[in-house]
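A quick write-up on the structure given underneath.
Chains as they are written, first to last, in this note's numbering: chain A, 2 to 457; chain B, 2 to 457.
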């Protein structure tokens, strides 16, 4: 059945639509790991369970199926940020760890940002991670392994005493494009803002000059202070505000993260006996390391000011540490970071208001470990100590209640991602462009169609 | 900004809308515990990660904020099915365990089903749980504690040696309406189908006759076999197809549920040493106990046939064991149950097609424990054994891959619910009626407005 409302929308497009603007702008905001649970936890803490975040009032809601394969093309059900960013940036499903390259065959895949550049649009990448991290990288670079972020790590990084895979086939000596930081330095992206200076402050492959100097040679003004973002608009801008991931806004009291429950000796003998001591409730507090950092909204404002033009632009804005703090079992870090995303979205929506040429999309790349668990167990009445086998934070909210956040996907120092469809939201410009459920590669198609298709 | 599309939809409502049908029908389908994770797990297993369930193609997507308070009105962040069904059925936020009664003051709250009856609409309740269970009960009954399901349990149920709260103020001796099964027996609901015969096959309070006989006295035809559903339409119908919760369609191989990982002795000394044995992968298999049960679609078909009339109807359909099987760490049970929901939704959509008088809503009441975790850890390359501290199932899918489902909210025999906004989907009739994010009580308002407001 085609309802009256739908018929009329079609009529509207034919009869009432204002003349198409020459510009086409896409602002794509990615909350790394920002699944429905993370949003609910952040909402409860920031504005209360009945409150509304900025993203909550976006008029178009869809969800995205996250798709991943392994190197031989077999389905994988939990993604990482590299393959998901590749899905969104290129429309191609690939394997975990890959930056805009194909699974198995290791071929580069053209990205929406490269296509936008080729069409004469301006482009920008803003992130609270290193600008060489998986999400921004998948829009501008091509690499078999995400950790090959600079001329040293392209040879293989050592972590926990383990040497991670190298990408030597990507070195310039082997006819490749060089590491991710070198690819960014040689790119034509108009604005790149985030962390990751350590990947630029080392010698470029086979050169005495640093990657940062290489970027300057290629027309970038490279800055490392928030105050410098106000500078002239006549060059490309590369802002590197931290050595690696940018510090986050909030942390737990005295830096506390999730902690295990402490059962009594009797409870260790039998799960229905004895008692348990849970971690003390706490509030979030400002993370002193965040002092002096530009906010994600500050960076987004700078990017929008530099990108606006008659032809249009593509801007990707990533709130990276929803994910990174969840890996470390730090809900306050994730909440503060989601607040940063919400402020950046407010700016994007404000920019897009009063114009029909700007599509604002907000999505997540994959699910994450955090669960919102009962402060009082559903089974408390049985008297047995009931507690998580993982790590717990009990957050005191402004509503005067305690919110339990559980991390229990593994016992490794870092939690796992999880598999779940993720939210996809849009401003009114996205109405009729976005089905109620899409695959992640379809987000690429929606952006591509909006930027490049001739209006009917 | 009001976009051209929206202006035109308003015009359409004014100019193009077909004459309003006299009937107004609402089919509300509730997947108990059916959060985005449960949907993703079921989709992956049933149709593959890129496949589409019936619910995936519903054109309208929203999400619902789940709201709960305690007895003194303080915010609680994780709900149960009683307070959430009360939110949906009455528009009033209450405390866990309550069936259409107010937190603290213990007053009955009028439900949408009661309002529909009063307006001359037909009404129906279909569930795979006992018909006295929290979700259906909150539409037709009023009770301070959900476990007061029958004349015995209203005095307080004993479980695990613990006596649960009674509801003696609700007994008829004390001037109350009696237990939940007695309230259903005396109700005017036209169709009630599900499990729970044990709550009807005992003597009604202060009487020698059973609650079942009481229902028959009140005009119900009471049946207990699927084949009997085809019977005459000239009486109310109460179908009780199982003693308690109806058996589910699927189970794990040989009834297996989630199992703990078995670390080597070396790994027990240090988490980076040794190895781990994970549960063997398995497939889902038919649960033999399901034989002879009507499917949720069978029951929905029967209900629709009996409810359709010129005035309209309200039908609530619950797939209850997505939740109940997740509590028991049985993903196959949840998946088979979600398949049942999907089939019932297909029937509802088919009924609503070709007519604009039927609003189909699909939602969940709260989040649940299951997480979809990586089969190969994100940190596998470090060589350390990485595994859940909880219970794991590794499901072999038709795509030839393994899907890990983790249960780790507690160490009790039953997992916890979790806090998360939940999906809300609608057929095309729901376009323009449903904002992109609602509170759960707003679902009541949407149904109420659709059923009772005069069309503009």
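Yeah, the Cβ is synthetic: ideal placement off N, Cα and C, and Gly gets one too. Because the structure is a prediction, the values reported are computed rather than measured.
Cross-strand partners of residue i (DSSP beta bridge)
{"i": "residue 131 of chain A", "result": "A/196"}
{"i": "residue 440 of chain B", "result": "B/66"}
{"i": "residue 125 of chain A", "result": "A/192 and A/316"}
{"i": "residue 56 of chain B", "result": "DSSP, once it has assigned bridges, lists no residue as partnering residue 56 of chain B."}
{"i": "residue 264 of chain B", "result": "B/277"}
{"i": "residue 96 of chain B", "result": "B/70"}
{"i": "residue 252 of chain B", "result": "B/286"}
{"i": "residue 323 of chain A", "result": "Residue 323 of chain A is not bridged to any residue."}
{"i": "residue 224 of chain B", "result": "B/240"}
{"i": "residue 360 of chain A", "result": "A/27"}
{"i": "residue 163 of chain A", "result": "A/160"}
{"i": "residue 211 of chain A", "result": "A/204"}
{"i": "residue 137 of chain B", "result": "Its beta-bridge partners do not exist; DSSP assigns none."}
{"i": "residue 350 of chain B", "result": "Residue 350 of chain B is not bridged to any residue."}
{"i": "residue 102 of chain B", "result": "B/109"}
Alpha-carbon spacing of residue i relative to residue j, whole angstroms
{"i": "residue 238 of chain B", "j": "residue 152 of chain B", "result": "21 Å"}
{"i": "residue 460 of chain A", "j": "residue 138 of chain A", "result": "Absent from the model: residue 460 of chain A. The displayed extent of chain A is 2 to 457, so no value can be given."}
{"i": "residue 419 of chain B", "j": "residue 387 of chain A", "result": "14 Å"}
{"i": "residue 228 of chain B", "j": "residue 303 of chain B", "result": "11 Å"}
{"i": "residue 163 of chain B", "j": "residue 376 of chain A", "result": "21 Å"}
{"i": "residue 211 of chain A", "j": "residue 365 of chain B", "result": "55 Å"}
{"i": "residue 25 of chain B", "j": "residue 359 of chain B", "result": "6 Å"}
{"i": "residue 335 of chain A", "j": "residue 306 of chain B", "result": "50 Å"}
{"i": "residue 32 of chain B", "j": "residue 324 of chain A", "result": "29 Å"}
{"i": "residue 288 of chain B", "j": "residue 80 of chain B", "result": "29 Å"}
{"i": "residue 175 of chain A", "j": "residue 147 of chain A", "result": "18 Å"}
{"i": "residue 460 of chain B", "j": "residue 173 of chain B", "result": "Given that chain B is displayed from residue 2 to residue 457, the structure contains no residue 460 of chain B and the question cannot be resolved."}
{"i": "residue 127 of chain B", "j": "residue 194 of chain B", "result": "5 Å"}
{"i": "residue 63 of chain A", "j": "residue 373 of chain B", "result": "21 Å"}
{"i": "residue 363 of chain B", "j": "residue 39 of chain A", "result": "23 Å"}
{"i": "residue 171 of chain B", "j": "residue 214 of chain B", "result": "21 Å"}
{"i": "residue 74 of chain A", "j": "residue 225 of chain B", "result": "49 Å"}
{"i": "residue 385 of chain A", "j": "residue 269 of chain A", "result": "12 Å"}
{"i": "residue 414 of chain A", "j": "residue 87 of chain B", "result": "41 Å"}
{"i": "residue 201 of chain A", "j": "residue 337 of chain A", "result": "27 Å"}
{"i": "residue 243 of chain B", "j": "residue 361 of chain B", "result": "27 Å"}
{"i": "residue 15 of chain B", "j": "residue 119 of chain B", "result": "Residue placement at residue 15 of chain B is poorly supported in this model, since its pLDDT is 47, which falls under 50; the coordinates still yield a value, given next. In a straight line, the C-alpha of residue 15 of chain B is about 30 Å away from that of residue 119 of chain B."}
{"i": "residue 115 of chain A", "j": "residue 188 of chain A", "result": "10 Å"}
{"i": "residue 35 of chain B", "j": "residue 340 of chain B", "result": "12 Å"}
{"i": "residue 191 of chain A", "j": "residue 389 of chain B", "result": "44 Å"}
{"i": "residue 20 of chain B", "j": "residue 29 of chain A", "result": "Unreliable positioning characterises residue 20 of chain B in this predicted model, as indicated by a pLDDT of 47, which lies under 50. The coordinate reading is nonetheless provided below. Whole-angstrom Cα-Cα distance: 42 Å."}
{"i": "residue 179 of chain A", "j": "residue 50 of chain B", "result": "34 Å"}
{"i": "residue 300 of chain A", "j": "residue 342 of chain A", "result": "11 Å"}
{"i": "residue 246 of chain A", "j": "residue 333 of chain B", "result": "40 Å"}
Check: residue i C-beta below 7 Å from any heavy atom of the ligand SAM
{"i": "residue 278 of chain B", "result": "Of ligands this structure carries none, so the ligand SAM is not represented either."}
Amino acids of chain E, ordered along the chain, whose beta-carbon sits closer than 9 Å to that of residue i
{"i": "residue 187 of chain B", "result": "You won't find chain E in this structure, because its protein chains are A and B."}
Of the residues that make up the stretch 151 to 184 of chain B, which ones have a beta carbon closer than 9 Å to any beta carbon in chain A? 160, 161, 162, 163, 165 and 166
Interface positions of the stretch 32 to 58 of chain A facing chain B (Cβ-Cβ less than 8 Å), listed along the chain: 36, 37, 38, 40, 41, 42, 44, 45, 49, 50, 51, 53, 57 and 58
Segments of 3+ residues assigned as beta strand (DSSP E) that fall wholly inside the stretch 290 to 321 of chain B: 313 to 320
For the structure I just gave you, are there three or more beta carbon pairs, one from the stretch 417 to 435 of chain B and one from the stretch 55 to 62 of chain B, closer than 8 Å? yes
Report yes or no: do three or more beta-carbon pairs, one from the stretch 404 to 413 of chain B and one from the stretch 377 to 396 of chain B, lie closer than 8 Å? yes
What are the residues of the stretch 433 to 455 of chain B that lie near chain A, defined by any Cβ-Cβ distance shorter than 9 Å? 433, 436, 437, 438 and 440
What runs of the beta strand (DSSP E), each 3 residues or longer, lie entirely inside the stretch 392 to 439 of chain B? 392 to 397, 403 to 408 and 423 to 427
The stretch 371 to 400 of chain A: which residues have C-beta closer than 8 Å to a C-beta of chain B, in chain order? 372, 373, 374, 375, 376, 377, 378, 379, 380, 382, 383, 384, 385, 387, 388, 389, 390, 391, 398 and 400
Segment contact flag, the stretch 83 to 99 of chain B with the stretch 440 to 447 of chain B, C-beta cutoff 8 Å, min 3 pairs: yes
What are the residues of the stretch 295 to 317 of chain B that lie near chain A, defined by any Cβ-Cβ distance shorter than 7 Å? none
Closer than 8 Å is the cut-off here; do at least three beta carbon pairs connect the stretch 254 to 263 of chain B with the stretch 219 to 227 of chain B? Counting Cβ pairs under 8 Å, fewer than three are found: no touch.
What are the residues in the stretch 199 to 229 of chain A lying within 8 Å of chain B by C-beta distance? Of all residues in the stretch 199 to 229 of chain A, none is placed with a Cβ closer than 8 Å to any Cβ belonging to chain B.
Residues of the stretch 55 to 87 of chain A in Cβ contact with chain B at a cutoff of 7 Å, in chain order, please. 57, 59, 60, 61, 62, 63, 64, 66, 68, 75, 76, 77, 78, 79 and 81
Looking at C-beta atoms only, is the number of pairs between the stretch 41 to 58 of chain B and the stretch 335 to 351 of chain B that lie closer than 8 Å three or more? yes
According to a CB-to-CB cut-off of less than 8 Å, which residues of the stretch 407 to 421 of chain A neighbour chain B? 407, 409, 410, 411, 412, 413, 415, 417, 418, 419, 420 and 421
Anything in the stretch 265 to 294 of chain A with a Cβ closer than 9 Å to a Cβ of chain B? List those residues in chain order, please. 272 and 273
If the cut-off is 9 Å on Cβ atoms, which residues from the stretch 86 to 101 of chain B count as contacting chain A, listed in chain order? 94 and 97
Closer than 8 Å, Cβ to Cβ, to anything on chain B: give me those residues from the stretch 236 to 270 of chain A, in chain order. none
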